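First residue of the sequence shown? That's 1 in full-length UniProt numbering, and the numbers climb one at a time after it.
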Amino acid sequence: MQTGTQPAASVDPPGGPEPPTDAELISAASREEFALLFDRHAAKIHRYAARRLGTTDADDVLSQTFLIAYERRHHYTPADPGDALDGALPWLYGIATNLIHRRRRSEVRQYRAYARSEPAGRHTHDDPLAGEVASRVDAEAAQRTLARALARLRPPERDVLLLYAWEDLGYAEIAAALDIPIGTVRSRLHRARKSVRATLGPAFEEQP
1 MQTGTQPAAS VDPPGGPEPP TDAELISAAS REEFALLFDR HAAKIHRYAA
51 RRLGTTDADD VLSQTFLIAY ERRHHYTPAD PGDALDGALP WLYGIATNLI
101 HRRRRSEVRQ YRAYARSEPA GRHTHDDPLA GEVASRVDAE AAQRTLARAL
151 ARLRPPERDV LLLYAWEDLG YAEIAAALDI PIGTVRSRLH RARKSVRATL
201 GPAFEEQP
């Protein structure tokens with residue numbers, strides 16, 4: 001979705017109006033309001049897709065995610081008041097994940113290519129998964145081994161693991177994004193971490 005130059009951030013005076021919620025932007029059903037939703041969440045969706053597919057495919061996933069979201073805006077169900085879910089973000093992650101599934105082979109090829117690559121200065125030290133081993137082994141080697149482990153995961157388990165570890169979503173948010181029960185999130189995450197641990201070896205320790 002083309003949004004043009006992002007609007008400059010405005011600062012409301014004390015006691016001024018609260019910014020519209022995601023649900024309010026979606027229910028407004030206008031492209032202008034939806035552009036604000038894009039500005040609010042596009043960076044996170046693009047980062048998520050880029051880590052799984054690379055930048056070029058991520059650009060496509062981003063635009064398609066918000067196009068589909070706009071087309072399906074009437075099906076969006078806001079979280080209950082007081083719910084910990086972060087507005088529409090889990091919903092958007094779910095749409096993006098479904099689009100990534102259509103490029104599953106590309107995703108696995110990317111992981112395998114990186115796993116075979118020579119150290120070339122590509123550092124992602126903020127990666128929560130690699131961080132579990134980076135203190136014990138070379139960070140580049142950890143990244144390549146992690147890529148190999150991700151390529152071996154079943155897609156449903158990889159989805160849960162990456163939303164949890166890379167995007168910092170909680171169980172309830174992942175359940176909402178993937179439209180699955182929280183118990184299924186827990187079991188898939190357990191299996192994914194077990195598989196990753198088997199690939200990374202004793203340097204990987206499951207966090208409590």
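Ideal Cβ positions, reconstructed from N, Cα and C, are used throughout, including at glycine. Remember, it's a predicted structure, so these values are computed and weren't measured experimentally.
Per-residue DSSP class, three states only, for residue i
| i | result |
| --- | --- |
| Pro-155 | helix |
| Ile-180 | coil |
| Glu-18 | coil |
| Tyr-171 | helix |
| Thr-77 | coil |
| Ala-29 | coil |
| Pro-208 | Bear in mind that a pLDDT of 37 at Pro-208, under 50, signals an unreliable position, so the number given afterwards is only what the model happens to contain. Coil, per DSSP. |
Residue i classed as buried or exposed, judged by whether at least 16 other C-beta atoms fall within 10 angstroms
| i | result |
| --- | --- |
| Asp-57 | buried |
| Glu-18 | exposed |
| Gly-183 | exposed |
| His-190 | exposed |
| Arg-31 | exposed |
| Pro-154 | According to the sequence shown, residue 154 is Arg rather than Pro. Per the 10 Å Cβ criterion, exposed. |
| Gly-201 | exposed |
| Ala-120 | Because the pLDDT of Ala-120 is 48, which lies under 50, any placement of that residue in the model is unreliable, and the number read from its coordinates should be weighed accordingly. Flag for Ala-120 reads exposed. |
| Thr-77 | exposed |
| Ala-103 | What sits at residue 103 in the sequence shown is Arg, not Ala. Looking at its Cβ environment, which holds 16 or more other Cβ atoms inside 10 Å, Arg-103 is buried. |
| Ala-198 | exposed |
| Asp-168 | exposed |
| Asp-60 | exposed |
| Pro-29 | At residue 29 the sequence reads Ala, which differs from the Pro that was named. Flag for Ala-29 reads exposed. |
| Arg-122 | Here Arg-122 scores only 46 on pLDDT, less than 50, and its place in the model should not be relied on; the value that follows carries that caveat. Looking at its Cβ environment, which holds fewer than 16 other Cβ atoms inside 10 Å, Arg-122 is exposed. |
| Asp-179 | exposed |
| Ala-113 | exposed |
| Arg-105 | exposed |
| Arg-116 | exposed |
Residue range of the unbroken alpha helix (DSSP H) whose run includes residue i
| i | result |
| --- | --- |
| Pro-90 | 89-101 |
| Ser-63 | 55-71 |
| Ser-106 | 104-116 |
Residue i CB to nearest heavy atom of the ligand SAM below 7 Å
| i | result |
| --- | --- |
| Phe-38 | This structure simply doesn't include the ligand SAM, nor any ligand for that matter. |
- Query: With a cut-off of 8 Å, do at least 3 Cβ pairs link the segment 53-70 to the segment 38-45?
  - Reply: yes
- Query: Using 8 Å as the threshold, is the segment 42-59 in touch with the segment 20-28, meaning 3 or more CB pairs across them?
  - Reply: no
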